[in-house]
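Visitor: Take the sequence shown: its letter number 139 is residue 139 in the UniProt record's numbering, and every next letter is one higher. Where a beta carbon is used, it is the ideal one built from N, C-alpha and C, also for glycine. This structure is a prediction, so every number in the text was calculated from the model and none was measured.
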Amino acid sequence: MVVAMAFLNGPRLLDWANSPPHLQFNRYVLTGYRPISSVQDCVRSLFYLHNELGNIYTHGIPLLCFLVVLPLNIPWSQISVTWLGVVHFLACLSPQLGSVLYHLFMNHEGGEPVYKTLLTLDMCGICMINTLGALPILYTTLLCYPFTRSAALLVYILLSSYAIYCAVTARSRVRRLRSFAWQALFRFSFFLLRWVGVGGGSPTSLRHFLTMDALAVVGGVINITRVPERFRPGLFDYWCNSHQIMHVLVVGSILSLHWGVLDDLLWISSYHCPTD
Ligand SMILES: [Zn+2]
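1) What residues are listed by DSSP as bridge partners for Tyr33?
2) Considering Cα atoms alone, identify which of Tyr271, Leu14, Arg12 is closest to Cys144.
3) I'd like to confirm the pairing. Which residues does DSSP put opposite His103 in its beta bridges?
4) I'd like to confirm something about His247: is its beta-carbon nearer than 7 Å to some heavy atom of ligand 1, or not?
5) According to DSSP, His247 sits in a beta bridge with which residue or residues?
6) Would you check whether ligand 3 has a heavy atom nearer than 7 Å to the C-beta of His243?
7) Thinking just about the alpha-carbon of each residue, which of Phe147, Phe236, Trp259 is nearest to the one in Val69?
8) Please report the Cβ distance between Gly219 and Ser256, rounded to the nearest whole angstrom; I am assuming they are in contact, meaning their Cβ atoms lie under 8 Å.
9) Going by DSSP in three states, His272 sits in which element: helix, strand or coil?
10) Around the C-beta of Thr141, are 16 or more other C-beta atoms found within 10 angstroms, so that it is buried, or is it exposed?
11) Would Val174 pass as a contact of Ile224 if the rule is Cβ separation under 8 Å?
12) Closer than 7 Å to a non-hydrogen atom of ligand 1 - does that hold for the CB of Asp122?
13) From the DSSP secondary-structure annotation, give me the bridge partner or partners of His59.
14) Please go through the same chain and pick out, in chain order, the residues whose beta-carbon is closer than 8 Å to the beta-carbon of Phe66, but skip the five residues on each side of it.
15) Roughly how many angstroms lie between the CA atoms of Gly125 and Ser242, to the nearest whole one?
16) Closer than 7 Å: is that where the CB of Ser94 sits relative to any heavy atom of ligand 1?
17) Reducing DSSP to helix, strand and coil, say where Val2 ends up.
18) Find out if the Cβ-Cβ distance for the pair Leu265, Pro136 is shorter than 8 Å.
19) Answer yes if the stretch 102 to 114 comes into contact with the stretch 18 to 27, meaning at least three C-beta pairs across the two stretches below 8 Å, and no otherwise.
20) Below 8 Å on the Cβ atoms is my guess for Gly201 versus Arg194; work out the distance and round it to an integer in Å.
21) Please confirm whether Leu132 and Val198 have their CB atoms less than 8 Å apart.
22) Check for me: the alpha helix (DSSP H) holding Ser179 runs from which residue to which?
23) With DSSP as the reference, label His208 as helix, strand or coil.
24) Does the beta-carbon of Ile61 have 16 or more other beta-carbons within 10 angstroms, so that it is buried, or is it exposed?
25) For His108, name the three-state secondary structure that DSSP assigns.
26) Beta-carbon within less than 7 Å of Leu63's beta-carbon, same chain only, minus the 5 sequence neighbours each way: which residues are those?
27) Between Phe209, Met212, Val248, Leu210, which lies nearest to Ile222 when the distance is taken from Cα to Cα?
28) For Asn55, is the beta carbon positioned less than 7 Å from some heavy atom of ligand 1?
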């Protein structure tokens, strides 16, 4: 490890006890902390090994891929409600964007205030995909009930604004997670409508949406319980710790959302609501 760092010419890394207090949020990650850095030095840290490198790339690489591939993958000419495609695209990008900025600049010389701002940004990214990401699902489920559909979209946006407020002001990880639970409950009531056959949507999309939420929940639990590093502190400092595992599961969750929404958008353009 020491040889690798010297080779890639990074700064001397710190251990947990010597890292800034606001970066001591995982006591099972013992080494590999970057020192307090300028913006340029934070950017430079993309190119040497430290304990945030895996977190940066597990969302940075998917971010670049989504940016290029998603617009090509959405069949714009075939979908009848274009704004749903746009909202969906923005939803898919936002959590990775917030996350990359948070992990890349968390050791900025601005200290704790900068760290807290970045953490808020990271939370906002998650809030954006929870909120914007669900709008196509709500829209499709209530496709044939335009008034109820508008009301449900409005209620969900209001509920989400409150969830964002809670998530941003939350002081603990558990509280932060709880603020997303209400949104999840609202989404689930829509899955239920589809399952019993009242709600619209492609027959194949519900499976994708359930996979999406399952992956997100498993990722959240792994992140909070600090598995696996709690069992072998120090062994997972650089790779395969709970936060990186969560990042990978989140990417899987976003892909599931994407596949489900694609199915739904195509379903909308070919479906005709029964008229009376
Ligand atoms: Zn993260």
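Guide: Quick answer:
1) Paired residue(s): Leu14.
2) Tyr271
3) Looking at the DSSP assignment, His103 forms no beta bridge with any residue, so it has no partner.
4) Taking non-hydrogen atoms of ligand 1 into account, the C-beta of His247 is found less than 7 Å away from one of them.
5) In the DSSP output, where bridge partners are listed per residue, His247 has none listed.
6) Among the ligands in the structure shown, ligand 3 does not appear; only ligand 1 can be found there.
7) Selected option, being the one with the closest Cα: Trp259.
8) At roughly 12 Å, the Cβ-Cβ gap does not stay under 8 Å, so Gly219 and Ser256 are not in contact.
9) His272 falls in the coil class under three-state DSSP.
10) buried
11) Closer than 8 Å, so yes.
12) yes
13) According to DSSP, which records beta bridges pairwise, His59 is partnered with nothing at all.
14) Only Cys92, Leu93, Gln96, Ile254 meet the Cβ criterion.
15) 19 Å
16) no
17) Residue confidence for Val2 is low, a pLDDT of 49 falling below 50, so the modelled location carries little weight; the figure read from the coordinates is stated next. If DSSP states are grouped into helix, strand and coil, Val2 belongs with the helices.
18) Yes.
19) yes
20) 5 Å
21) Note that the C-beta distance between Leu132 and Val198 is not below 8 Å.
22) 173 to 195
23) In the structure shown, His208 sits in a helix (DSSP, three-state: H, G or I).
24) Taking all protein chains in view, the Cβ of Ile61 is surrounded by fewer than 16 other Cβ atoms within 10 Å, so the residue is classified as exposed.
25) strand
26) Only Leu93, Gln96, Leu97, Val100 meet the Cβ criterion.
27) Val248
28) yes
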